[in-house]
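*Asks:*
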Amino acid sequence: IFAAHPGIIHKPHSIPELTYREMRELAYAGFSVLHDEALLPAYRGKIPLVIKNTNNPEHPGTRIVLKHSNDEFPVVGIAGD
């Protein structure tokens, strides 16, 4: 998952890790990777997710977790509608 829309921002960095809350807020604000309601079953089951790029399967992707393993990036992404 990119931190910004690649059609607007040239070469945005990928987000290594998001919490369910962050992903849900970004989806609600316009990120089109996942619908905000699609996360609920995994969230309720406390199941971590990994979102991968089918065009680049070797990339580690973005982990969606309950709590961050570190707080290196205070701002994870920018979304707008």
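The sequence shown lines up with residues 1 to 81 when you count with full-length UniProt numbering.
For each residue, glycine too, the CB sits at the ideal point set by N, CA and C.
So what's Leu34 in DSSP terms, helix, strand or just coil?
*Replies:* Walking along the sequence shown from the start, residue 34 turns up at place 34. If DSSP states are grouped into helix, strand and coil, Leu34 belongs with coil.
*Asks:* Would you give the residue range spanned by the beta strand (DSSP E) that Leu49 belongs to?
*Replies:* Stepping through the sequence shown from its first residue, residue 49 is reached at position 49. Segment Leu49 to Ile51, the beta strand (DSSP E) holding Leu49.
*Asks:* Would a C-beta distance cut-off of 9 angstroms place Val33 and Ile51 closer than the cut-off?
*Replies:* Position 33 of the sequence shown, counted from the start, is the residue given in the question as residue 33. Position 51 of the sequence shown, counted from the start, is the residue given in the question as residue 51. In this structure, Ile51 lies closer than 9 angstroms to Val33 by Cβ.
*Asks:* Give the range of the beta strand (DSSP E) segment to which Leu18 is assigned.
*Replies:* By 1-based counting over the sequence shown, the position of residue 18 is 18. Note, Leu18: beta strand (DSSP E), Glu17 to Thr19.
*Asks:* Using 8 angstroms as the threshold, is the segment 45 to 62 in touch with the segment 17 to 34, meaning 3 or more CB pairs across them?
*Replies:* Contact between the segment 45 to 62 and the segment 17 to 34 is present: three or more C-beta pairs spanning the two stretches fall below 8 angstroms.
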